[in-house]
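Let me begin by presenting the structure, written as structure tokens, before commenting on it.
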Amino acid sequence: MVAGHKTPDGKFHPHNKNKAINLTKKGSVRFDTPVDFKNARDLINHKTKAHPTQKVTDIVSFDELDESAKDRAREWFKEGHREWDGGYLEDLLQQQLEYELEENKIEVINRDAKVRYSLGYSQGDGASFRGKFLWKGHVVTVEPTTNQYVHENTMGYTMTDEETGEENGSIKLDEQFDEIAKKISKNLEKYGYDELRYQEGDEYVDDAIESNEYTFDRDGNRENA
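As structure tokens, then:
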């Protein structure tokens, strides 16, 4: 039997098997090649294959995430923070060094004072400093004794009289300055580790994320937002 349909005037019109039957409103779907649809379900299935559903990602702010998603967002921030924020920690330690020197009445000559640190919780890590200073009428030059480690025992000193330029012959002065320098270095180490722990804490991380208005998907992933 030939498939077809009757018109109101009673005439029979056979269907062209190479021509798709329009089971939808005009303009709702377009096909590049003729398709023979037997029923509406065939049309729907073809339409779904031709136009697959696109995944829609819900983008939200940090405070809209649930707790597990927030943890994932925090880890994303911490990983990036460790990579780019080293300069920030160095600036803080440099300011702390200047404060410590001033507290101990050690004057910096020609702004020649530089903090040194390695704070990786490993053996040999710590903090120290180098530079040229004026202290108790003497010019003190502090230089690292090694580049392998950084801590309070990796500094060497030369001390000369400010007026005569003669090398200091007082062991007592040498020991006093050594004690002060090591105390400053230990204070810098403690300050640095305290700052790192603070920057790893939820309070700091949450504030930084919200201040920068970072957005995430519902799972706390940043790369999709």
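Using our numbering, read the sequence shown as starting at 2 and increasing by one per residue. Each residue gets a CB set at the ideal place from its N, CA and C atoms; glycine is no exception. Values in this document were obtained by computation on a predicted structure and should not be read as measured data.
May I have the straight-line CA-CA distance separating residue i from residue j, to the nearest angstrom?
i	j	result
residue 30	residue 200	With a pLDDT of only 42 at residue 30, under the threshold of 50, the placement of this residue in the model should not be trusted; the figure read from the coordinates follows. Taking the straight line from one Cα to the other gives about 55 angstroms.
residue 221	residue 208	16 angstroms
residue 64	residue 187	39 angstroms
residue 122	residue 165	44 angstroms
residue 214	residue 71	14 angstroms
residue 138	residue 217	60 angstroms
residue 223	residue 116	35 angstroms
residue 212	residue 81	16 angstroms
residue 132	residue 109	8 angstroms
residue 178	residue 135	11 angstroms
residue 176	residue 210	48 angstroms
residue 59	residue 219	6 angstroms
residue 126	residue 107	25 angstroms
residue 153	residue 93	18 angstroms
residue 62	residue 190	36 angstroms
residue 149	residue 68	42 angstroms
residue 172	residue 103	23 angstroms
residue 91	residue 195	13 angstroms
In this structure, how does DSSP classify residue i when only helix, strand and coil are distinguished?
i	result
residue 146	coil
residue 185	helix
residue 82	helix
residue 19	At residue 19 the pLDDT is 44, less than 50, meaning the model places this residue with poor confidence and gives no usable figure here.
Considering only residues of the same chain and omitting the five flanking positions on each side of residue i, which have a CB-CB separation below 7 angstroms?
i	result
residue 79	201, 206
residue 77	223
If residue i sits next to residue j, beta carbons under 8 angstroms apart, how far is it from one beta carbon to the other, in whole angstroms?
i	j	result
residue 156	residue 114	Actually they are not in contact, since the Cβ atoms of residue 156 and residue 114 sit about 12 angstroms apart, beyond 8 angstroms.
residue 66	residue 120	At roughly 31 angstroms, the Cβ-Cβ gap does not stay under 8 angstroms, so residue 66 and residue 120 are not in contact.
residue 75	residue 203	7 angstroms
residue 185	residue 99	Rounded, the Cβ-Cβ distance is 11 angstroms, inconsistent with contact.
residue 192	residue 97	5 angstroms
Strictly by DSSP, which residues pair up with residue i?
i	result
residue 168	161
residue 134	109, 141
residue 115	131
residue 60	218
Please go through the same chain and pick out, in chain order, the residues whose beta-carbon is closer than 6 angstroms to the beta-carbon of residue i, but skip the five residues on each side of it.
i	result
residue 105	181
residue 160	139, 141, 169
residue 95	116
Residues in its own chain within less than 8 angstroms of residue i by CB, not counting five upstream and five downstream?
i	result
residue 145	117, 129, 131, 151, 155, 156, 157
residue 174	137, 139, 160
residue 143	130, 131, 132, 133, 134, 156, 157, 158, 182
residue 111	133
residue 147	155
residue 163	135, 138, 139, 140
Quick one: does residue i have its CB under 8 angstroms from some CB of chain C?
i	result
residue 74	Looking at the structure shown, chain C is missing, and only one protein chain is on hand.
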